[in-house]
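K.L.:
A single structure is presented below for examination.
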Amino acid sequence: MCGIAGFVNLDGLPADPAVLEKMIRTLHYRGPDGTGAHLDGPLGLAHNRLSIIDIGGGHQPMECDDGSLWISFNGEIFNFVELRADLEKKGHRFRTHSDTEVILKAYQQYGVECVHYLNGQWAFAIWDASNHRLFLSRDRLGVRPLFHAVFGNTFLFGSEVKALLAHPEADAKLNLEALRQVFTFWFPIPPETIFKNVHELPPAHSLIVENGKIHLQRYWQLDYSRVGTDASPAAEKRYLEEFNELLLDATRIRLRADVPVGAYLSGGLDSSIIAALAKQCVQSSLCTFSIAFDDPALDESVYQREVVNALGTQHQMIRCSSSDISAVFPDVIMHTERPVIRTAPAPMYLLSKLVRDRGFKVVLTGEGSDEFLGGYDIYKEAKIRAFWAAQIGSEWRPNLLRRLYPYLAGMQKQSPAYLRAFFHVEHDSVANPYFSHLPRWDVTSKTQAFFSQDVRSELNGRDAYAGLKANIPDDFAGWGTFARAQYLEAAFLLPNYLLSSQGDRVAMAHSVEGRYPFLDYRIVEFSTRLPICLKMKVLREKYLLKKAFGDLVPAAVLQRPKQPYRAPDVASFFDRSTGRARHDYVDELLSPDRVRADGVFDANAVQRLVNKARAGNVTSFAENAALVGILSTQILIEKFISHQQEPISYGANWAASSPVHY
Amino acid sequence: MEQIGQRVRQFIIDNFVFGDASHLADEDSFLDNGLIDSMGILTLVVFVEKTYDIAVQDEEIVPSNWDSVNRIANFIGSKLANKETAVKVLANKCL
């Protein structure tokens, strides 16, 4: 796990080592164990290393024997042992025991098609000197980040945008289209980023810079066109056997490291199963880490403790208060490099600090199960809405929606007529290809009411969904409702929010690498073949997962109602008992003068929202999302755009409570 | 009736409209304009119950009663009229 950065001067001028150094230095936290650089004519290639595999031999950038290939690599290739054996059979010789060298040899053997042989999470750059080709690639699911841009005559790339912005030719400007995407979908959709002219390499894509031309190519696609239909007992048994083997192997190869590997525990099913499997594999003590919240409605520590007791792990927990979230929030945005509409990344940032402070660099975590094995409420919600739309006059069908969200007070007392309006239940709405996500996107879009007149005029007439539609497979409309909902979660929310703002960025902030067994591409491909009823049986989520591994976790965890991971939003920033902001930066960045000067939001509207927040009267999703979105945008402008040359640090006076041991 | 409308309108503006409220017409749908969500409608019901001392039944919480300033004003008007009638009937019985 590391940080990579570099550039190619498209006009052929020699690369300036001082610029390269400036770029890679911005990513020091991604790889504090060593820095390396390679210069070759117009190319500069740099690397910050977090040493995990082959600590003595894995220095980067790494060259191939004859110096014709150089690589700077962030991530892990988990099947490097098997791949190396294959390549050795083909005559390749290895100097190190690292996975990095395996990518180089695979490239030598297969060229740009080498990515098909890799099972892992990566973002890398290979400089093919003999062909004057720069080859960039990002893993299938988008675990590791990679950004690129052309400024002046230079093609730039890096693990994070700040490395690109350190180049003297770079210019940080706000991309309003991406801003609207955040205020609709919760994140910018690649290749857009919140910075104008800076692009994100989408997951499952490679990019080739050759002869002054830039060529983007998709090498893998999440495909739901062949969903299985045979769910007979015999077929179910075959699926179960296959899944059992796959998840065990996916976990096993993710324990490959020359440093100890820990695990996150949420208190839910997925992370508990992964921790249980890891415990079986390592056959020694396993260290686990979790977050507890002061607010009992959000806290899951009771279930975390159940798992810890059942598995006998060595557990450490961080208790997160509202004030802790507010204290670290500016630093979190410095890392997410995009506005967020929820504060949930902040506790994850505190959690990774705990992991780092305990001497760990690697953790296993449970993301991906909800997306691919049928866990999300939004899938159920879509199912219920479709069921209701088929019989709109039904008295009891709306009750299913109320039952789905027991933790949302506003849902419980709604009349069917209002539920219908809020959930877009109409006869013909099921035919809309985005049916499952319309309520979420619709309610989030309400936050755009806070955009300034200038921003509205700028965006007027452009299709807010254009970036989404450009990333939808051709045959998408022909897939079933459930498959489409899964795709929208797995291809958009997962890489662009969960694995980035809530994943890589806040973990790497403290030099911690997350590993995701459920995101092994073999499991993902298996899940696309799996009949839907083996994912969600009527309204019982994750049927196959529970059947395969349910006995590994305590009954209390297996039977508990699903609870989404949430953190306090507006309450993190304003103390309703005093009516004051918890930290000065909140007042400063949301003040009418400041909002007016930055020009993105309507100062009066923001002031009214702030007043409502001070009084403790912000209750709705849209208002919470608006306040967090506005504040994070203001922080982003402050940190990256107004002070581009010298990003300032608030040095927030944060002091999360001490970790609790038990 | 006009007074009721004004009071309701002011409550909507104070609580749910953050931008320019001058465009909000009394017949504009709150749902179509994205002003009110599931918590918002409940807040509104509580406000009306307290301000006008009336009890709103669950089955009365439907868009036809609540989805614009005019609709709410009409709804409150008819509730108050019913209440008055009920008081008169009760008074007649007691006398």
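Sequence lines, in order, name chains A and B. Here the first sequence is numbered in our numbering, starting from 247 and rising by one per residue. Here the second sequence is numbered in our numbering, starting from -4 and rising by one per residue. Glycine residues also receive a C-beta, built at the ideal position from the N, C-alpha and C atoms.
Near Ser318/A, which residues of its chain fall below 7 Å by C-beta distance, leaving aside the five closest residues on each side in sequence?
P.N.:
Indexing the first sequence from 1 puts residue 318/A at position 72. Here the set comprises Ile250, Gly252, Leu291, Ala292, His293, Gln306, Pro307, Phe370, Ala371.
K.L.:
To be precise: take each residue of the segment 20 to 40 of chain B, compare its Cβ to all Cβ atoms of chain A, and keep it if any distance is under 8 Å. Which residues remain?
P.N.:
So the close ones are Leu26, Gly29, Asp32, Ser33, Met34, Gly35, Ile36, Leu37, Thr38.
K.L.:
Which residues mark the beginning and the end of the beta strand (DSSP E) in which Met782/A is found?
P.N.:
Taking the first sequence and counting its residues from 1, one reaches residue 782/A at position 536. No beta strand (DSSP E) contains Met782/A, which DSSP labels as neither H nor E.
K.L.:
Chain A partners of Val57/B, CB-CB under 9 Å?
P.N.:
On the second sequence, residue 57/B is found 62 positions in, with the first residue counted as 1. Here the neighbours are Ser661, Pro662, Ala663, Tyr664.
K.L.:
Listing by chain order, which chain B residues have their CB less than 7 Å from the CB of Ser866/A?
P.N.:
The residue you call residue 866/A lines up with position 620 of the first sequence. Asp32, Met34, Gly35, listed in chain order.
K.L.:
Taking the alpha carbon of Arg840/A as the reference point, which residue from Gln880/A, His829/A, Phe819/A has its own alpha carbon closest?
P.N.:
Taking the first sequence and counting its residues from 1, one reaches residue 840/A at position 594. If we check each option's Cα against that of Arg840/A, Gln880/A comes out closest.
K.L.:
Could you pull out every residue in the same chain whose Cβ sits closer than 6 Å to the Cβ of Val64/B, ignoring the five residues on either side in sequence?
P.N.:
Locating residue 64/B in the second sequence gives position 69, where the first residue counts as 1. If we look at Val64/B and ignore the five residues flanking it on each side, its Cβ neighbours are Gly0, Val3, Arg4, Asp21.
K.L.:
Within 10 Å of its beta-carbon, does Val254/A have 16 or more other beta-carbons around it, so buried, or fewer, so exposed?
P.N.:
Walking along the first sequence from the start, residue 254/A turns up at place 8. Buried is the call here.
K.L.:
If you draw a straight line from the alpha carbon of Lys629/A to that of Leu873/A, how long is it in whole angstroms?
P.N.:
Taking the first residue of the first sequence as 1, we reach residue 629/A at position 383. Taking the first residue of the first sequence as 1, we reach residue 873/A at position 627. Cα-Cα distance, rounded: 31 Å.
K.L.:
Using a Cβ-Cβ cut-off of 7 Å (strictly less than) and excluding sequence neighbours within five positions of Trp900/A, which residues of its own chain qualify?
P.N.:
Along the first sequence, one-based indexing puts residue 900/A at 654. A caution first: Trp900/A carries a pLDDT of 31, below 50, which makes its placement in the model unreliable, though a value can still be read off. So the list reads Asp570, Ala573, Val574, once near-sequence residues are dropped.
K.L.:
Quick one: measure Cβ to Cβ for Leu610/A and Tyr680/A, integer angstroms, because I've assumed they're closer than 8 Å.
P.N.:
Indexing the first sequence from 1 puts residue 610/A at position 364. Indexing the first sequence from 1 puts residue 680/A at position 434. Not quite, the Cβ-Cβ distance comes to about 33 Å (not below 8 Å), so this is no contact.
K.L.:
Under 8 Å, with one C-beta from each stretch per pair, do the segment 411 to 418 of chain A and the segment 428 to 436 of chain A reach the 3-pair mark?
P.N.:
The segment 411 to 418 of chain A, when compared against the segment 428 to 436 of chain A, does not touch it at the 8 Å Cβ threshold.
K.L.:
Count the other CB atoms within 10 Å of the CB of Pro479/A; is the residue buried (16 or more) or exposed (fewer)?
P.N.:
Counting from one through the first sequence, the residue named residue 479/A turns up at place 233. It counts as exposed.
K.L.:
Let me know the alpha helix (DSSP H) ranges lying completely inside the segment 420 to 495 of chain A, each 4 residues or longer, listed in chain order.
P.N.:
You should have 422 to 431.
K.L.:
How would you label Ile270/A, buried or exposed, when you count the other beta carbons within 10 angstroms and need 16 or more for buried?
P.N.:
Here residue 270/A corresponds to residue number 24 of the first sequence, with the count starting at 1. That one is buried.
K.L.:
Any C-beta of chain A sitting closer than 8 Å to the C-beta of Glu54/B?
P.N.:
Numbered from its first residue, the second sequence carries residue 54/B at position 59. Glu54/B counts as touching chain A.
K.L.:
Which residues mark the beginning and the end of the beta strand (DSSP E) in which Trp634/A is found?
P.N.:
Counting from one through the first sequence, the residue named residue 634/A turns up at place 388. Here Trp634/A belongs to no beta strand (DSSP E); instead the alpha helix (DSSP H) covers 623 to 635.
K.L.:
According to DSSP, is His581/A helix, strand or coil?
P.N.:
As a working mapping, residue 581/A is identified with position 335 in the first sequence. Helix, per DSSP.
K.L.:
Is the Cβ of Lys692/A closer than 8 Å to any Cβ of chain B?
P.N.:
Numbered from 1 along the first sequence, position 446 holds the residue referred to as residue 692/A. Yes, because at least one Cβ of chain B sits closer than 8 Å to the Cβ of Lys692/A.
K.L.:
Are any of the Cβ atoms in chain A nearer than 8 Å to that of Gly14/B?
P.N.:
As a first step, residue 14/B must be located in the second sequence, where it is residue number 19. It does; some Cβ of chain A falls within 8 Å.
K.L.:
For a cutoff of 8 Å on Cβ pairs, would you count Gly825/A as touching chain B?
P.N.:
Position 579 of the first sequence, counted from the start, is the residue given in the question as residue 825/A. Output row for Gly825/A: interface = no.
K.L.:
Closest to Phe697/A by C-alpha separation, out of Lys336/A, Thr346/A, Ala632/A, Ile876/A, would be which residue?
P.N.:
Taking the first residue of the first sequence as position 1, residue 697/A is located at position 451. Of the listed residues, the one whose Cα sits closest to Phe697/A is Ile876/A.
K.L.:
Since Pro585/A contacts Ile440/A with CB under 8 Å, what's their CB separation in whole angstroms?
P.N.:
Mapped onto the first sequence, residue 585/A falls at position 339. Mapped onto the first sequence, residue 440/A falls at position 194. Right, their Cβ atoms sit about 7 Å apart.
K.L.:
Counting only beta-carbon separations shorter than 8 Å, does Phe681/A have a partner in chain B?
P.N.:
The residue you call residue 681/A lines up with position 435 of the first sequence. So no, Phe681/A is outside the interface.
K.L.:
State the DSSP-derived secondary structure class of Leu367/A, mapped to helix, strand or coil.
P.N.:
If you number the first sequence from 1, residue 367/A lands on position 121. A small fix is needed here, since residue 367/A is Gln in this sequence, not Leu. Correct three-state label for Gln367/A: strand.
K.L.:
In terms of residue numbering, what span does the beta strand (DSSP E) encompassing Asn320/A cover?
P.N.:
By one-based count along the first sequence, residue 320/A stands at place 74. Here the beta strand (DSSP E) through Asn320/A covers 315 to 323.
K.L.:
Rounded to the nearest angstrom, what separates Val799/A and Ala556/A at their Cα positions?
P.N.:
For this step, residue 799/A is matched to residue 553 along the first sequence. For this step, residue 556/A is matched to residue 310 along the first sequence. About 7 Å.
K.L.:
Assuming Ser757/A contacts Arg551/A (C-beta within less than 8 Å), just tell me the rounded distance between them.
P.N.:
As a position in the first sequence, residue 757/A is number 511, starting the count at 1. As a position in the first sequence, residue 551/A is number 305, starting the count at 1. Their Cβ separation, rounded to whole angstroms, is 28 Å, which puts Ser757/A and Arg551/A out of contact at 8 Å.
K.L.:
Going by other Cβ atoms of all chains shown within 10 Å of its Cβ, with 16 needed for buried, is His561/A buried or exposed?
P.N.:
Translated into positions along the first sequence, residue 561/A becomes position 315. Buried, because 16 or more other Cβ atoms sit within 10 Å of the Cβ of His561/A.
K.L.:
Given a threshold of 16 other Cβ atoms within 10 Å of its Cβ, counted over all protein chains shown, does Pro219/A qualify as buried or as exposed?
P.N.:
In this structure chain A extends from 247 to 908, so residue 219/A is not present and cannot be described.
K.L.:
Please report the distance separating the alpha-carbon of Gly760/A from that of Leu744/A.
P.N.:
As a position in the first sequence, residue 760/A is number 514, starting the count at 1. As a position in the first sequence, residue 744/A is number 498, starting the count at 1. Spanning the two alpha carbons is a distance of roughly 12 Å.
K.L.:
Helix, strand or coil, according to DSSP, for Thr559/A in the structure here?
P.N.:
For this step, residue 559/A is matched to residue 313 along the first sequence. Thr559/A: coil per DSSP, three-state reduction.
K.L.:
Could you check what DSSP says for Trp725/A in three-state terms: helix, strand or coil?
P.N.:
As a first step, residue 725/A is located in the first sequence; it is residue number 479 there, counting from the start. Coil at Trp725/A, not helix or strand.
K.L.:
Taking just the CA atoms, how far does Leu647/A sit from Arg276/A?
P.N.:
Against the first sequence, residue 276/A aligns to sequence position 30. Against the first sequence, residue 647/A aligns to sequence position 401. Those two C-alpha atoms are separated by around 43 Å.
K.L.:
So which residues on chain B does Val689/A lean against when the C-beta distance must stay under 7 Å?
P.N.:
Walking along the first sequence from the start, residue 689/A turns up at place 443. What Val689/A touches in chain B: Asp32.
K.L.:
Lys808/A and Gly621/A: beta carbons closer than 8 Å?
P.N.:
Taking the first residue of the first sequence as position 1, residue 808/A is located at position 562. Taking the first residue of the first sequence as position 1, residue 621/A is located at position 375. Yes.
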